[in-house]
Every structure is written in C-alpha cells, then in structure tokens.
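Numbered per mature numbering (1 follows the signal peptide of the UniProt record, and there is no 0), the sequence shown spans residues -20 to -1, 1 to 185. Glycine included, C-beta positions come from ideal geometry on N, C-alpha and C. Below is one structure, written out as structure tokens, with a few remarks after it.
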Amino acid sequence: MYKSSVYIIIFFIAVEFSSASLKLEELGENLSKLAPVLHNTCVKKTGIPEATISSMREGNFEEEDKSKEYVTCIWLESQIIIPDGTLNRDRMMELCPPVLHNTCVRKTGIPEATILSMREGHFEEEDKSKEYVTCIWLESQIVKPDGTLNRDRMMELCPPQIKETGPKIVLGCWEKVKEVTPLEKRVYELQKCFYKSDPENHIMI
C-alpha cells in the first residue's frame, strides 16, 4: 500500500499503468522503466486478458487462477515479494512511486529526515509529522475525510504478504484510537500502534 498510505503498492500501480490511467512520469524513474516490463512479462506468463486487469483496477477481483497468477507474478518479478514469501521492504521503498510521498511532502513541508526517522519507529510529537501521516492515509483513501476507516480500500491496497495479519492489526489499532481527536492525532496514533504491533512489516512512504 498508496493512495497510501499506507500507503501506493506496486500491484496497484502496475494495474493502473496497464489501463493507462497514470502518466509515465508520475511513477518515478525506477518504476516508470519497470512498470511496462512487469505488465508485459506477467501478461505473457499468465495469459490474462487485458479486460480482466482493467476489471481488477475497478475493484472487481474474481477468484480465478489467472488473476491470482498475474498478481503473484507482479510481486515476484518486481522482487518486492521474494520466492520464500517474505516482503522485501527495501525493494518496495526503492520502487514505490513518489506520488503520495511528494504530494504530502509538498502539502506539509516535512523534512525527509523526519520521514526516515518515522520509518525506523521514531515518532516525534510535532505537527508536521502528524500532518504528513494524516495526509498519506487520507490521500490513499484508507481514512475518509469524515475520519472513519475505509475497510474496503484498506483490503484493496493491502500487500498479499500481510493480507492475513495487516488488516487485523490496523483494525485492532483503530479500535484503540477511533475516539481520539483531532483527526491528525487519531491517525498518528494509528500509525504508531501499527509500528509497535508489527515493526517488521510497518511501511512509511
């Protein structure tokens, strides 16, 4: 997970790219070069129809083999998921498109060093950090403008590697923080709770 939150995910971007709804330059240098290669490679390997990919982009995820094979291929070929089934966080951050990140940096003026510090679990009680984290969750549409959690969107953007555990952690953390006000503090506490619950899979774009 984009737009993330968590985080934008490589699968989401590959699907978006295949449907030509993102401009190439929006993907960032690394991913703009890789996205068409990933898409073409995995279409060739799986034989999935373009119409099926377009349908997934609209949120229609059918329980059929070619869709699962294509999604798995995207993650493996990108090296974000390695063959033993674990998440390669460094690779994901390397390829993760800068759209959400750049948008929220621009809106909040947060220093890059502060974001790097949060990735390591250091959450300072200062406004720019709270504003940046809130921006990521709102821009990803996982948290709605009215301050509620969009569970469907969360499931849509959740990486396969943490599909079983990630949503449960977020939902558990949400129950702890949902009454916190204002919204920036609520979302910031959610992010901190997520890190404390699963630091290995915590992702900060």
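For residue i, the three-state DSSP class (helix, strand or coil)
i: residue 62; result: coil
i: residue 150; result: helix
i: residue 157; result: helix
i: residue 45; result: helix
i: residue 183; result: coil
i: residue 40; result: coil
i: residue 52; result: helix
i: residue 172; result: helix
Backbone CA spacing between residue i and residue j [nearest angstrom]
i: residue 115; j: residue 89; result: 12 Å
i: residue 188; j: residue 159; result: Residue 188 lies beyond the residue range present for the chain, which begins at -20 and ends at 185; the question has no answer from this structure.
i: residue 181; j: residue 83; result: 23 Å
i: residue 96; j: residue 134; result: 23 Å
i: residue 32; j: residue 44; result: 10 Å
i: residue 47; j: residue 106; result: 43 Å
i: residue 127; j: residue 174; result: 17 Å
i: residue 157; j: residue 23; result: 42 Å
i: residue 56; j: residue 63; result: 7 Å
i: residue 26; j: residue 66; result: 22 Å
i: residue 36; j: residue 161; result: 35 Å
i: residue 54; j: residue 40; result: 18 Å
i: residue 179; j: residue 152; result: 15 Å
i: residue 85; j: residue 129; result: 23 Å
Supposed close pair residue i, residue j - CB separation, criterion 8 Å
i: residue 81; j: residue 185; result: 5 Å
For residue i, the residue or residues it bridges with in DSSP
i: residue 129; result: 123
i: residue 67; result: 61
Legend entry - Given 8 Å, three or more beta-carbon pairs between the region 155 to 165 and the region 107 to 115: The region 155 to 165 makes contact with the region 107 to 115; the number of CB pairs closer than 8 Å reaches 3 or more.
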